[in-house]
Structures are given as C-alpha cells and as structure tokens.
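So the structure is just underneath, and the comments pick up after that.
Right, dumping it as structure tokens:
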C-alpha cells in the first residue's frame, strides 16, 4: 500500500476497482505529488479523494490523474487547499 492510504470500504467495489485505485495511489506516490497527504477511498462504486494540498493547481493535477486512471468511475474530490498566504495583520496577544 502506498503512502496515499488507499483503503477500500469493506465489501465495496470489485477487484478491478481495488486494483485501479492501488495503481492510482502508486502513480501519485511515484510522481511529483509523492509527498502530499492525499487519501483515496472506495465508497460503493465511486472514489473519494481527501486531504490537503499546497495549491489549487496541485488539487487539479490530482483530480485529473484520478479521472485518467479511473475512467467510468465517479470521482468525488474533497481535497482542501492549504492557506499559505502571509497573515494580513499581527496577532494580538493579551
């Protein structure tokens, strides 16, 4: 299993979907996106992507790869983009 945590729900999906999800997880781990905290879960006949990535472009890349690896499978994306912008004001400490 890759660091992406492909954990199928018990009894969900067929072996084919399990295999394709594992392949997607390996593909993500081997590429430039390898250090991201993206999780891939099988939910019935669909796949759910969760986690946090550093940019909207990164989220779009993960979603694009998932749709390429899993054609015909609904892919739901709950990936959040981390807010890495500098604060606009100083924190007040009492």
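In full-length UniProt numbering, the protein residues as written are 1 to 94.
We put the beta carbon where it would ideally sit given N, CA and C, even for glycine.
- Residue 78: member of the beta strand (DSSP E) spanning 75 to 81, first to last residue.
- Counted as a single uninterrupted DSSP element, the beta strand (DSSP E) harbouring residue 48 occupies residues 46 to 53.
- 9 Å or more divides the Cβ of residue 22 from the Cβ of residue 47.
- Only residues of its own chain outside the window of five on either side were considered, and among them 53, 55, 56 and 59 have a CB closer than 7 Å to the CB of residue 81, listed in chain order.
- Our two residues, residue 63 and residue 41, have alpha carbons roughly 13 Å apart in a direct line.
- Assigned with DSSP and collapsed to three states, residue 38 falls in strand.
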